[in-house]
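Each number in this note's numbering comes from the position in the sequence shown (counting from 1) with 3 added on. Glycine residues also receive a C-beta, built at the ideal position from the N, C-alpha and C atoms. Read the structure below first, then the notes.
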Amino acid sequence: MIYSPPGSVICQSVTEDRLRANDHPEFEHLIYEEASHLIDPPYYSMQDSVESSGIGSFGGSLAGNAFVSDDHWP
4 MIYSPPGSVI CQSVTEDRLR ANDHPEFEHL IYEEASHLID PPYYSMQDSV ESSGIGSFGG
64 SLAGNAFVSD DHWP
């Protein structure tokens, strides 16, 4: 699975092209409009992740990050 916030789609497309060129058997490219560059496990505190990490902002919104954390999890 490849995950991209909208600003990273071009970089992830390079990864996707390389997987195809090397006959990788399976991949899925997910694009989440309101998500950040950091995905947490579901039910993790989005407030802590996005605003209080101490390592800078990864973008996205609290609602968008909460959605992607739940949606991407198997």
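| Item | Value |
| --- | --- |
| Are the beta-carbon atoms belonging to His27 and Gln15 less than 8 angstroms from one another? | no |
| Could you round the C-beta distance between His40 and Phe61 to whole angstroms and report it? I think they count as a contact, below 8 angstroms. | 4 angstroms |
| Among Pro77, Asn68 and Asp73, which residue has its Cα nearest to the Cα of Glu36? | Asn68 |
| Does the separation of the CB atoms of Tyr47 and Ser64 fall below 8 angstroms? | no |
| Could you pull the start and end residues of the beta strand (DSSP E) that Leu41 belongs to? | Neither: Leu41 is in no beta strand (DSSP E) and is coded neither H nor E. |
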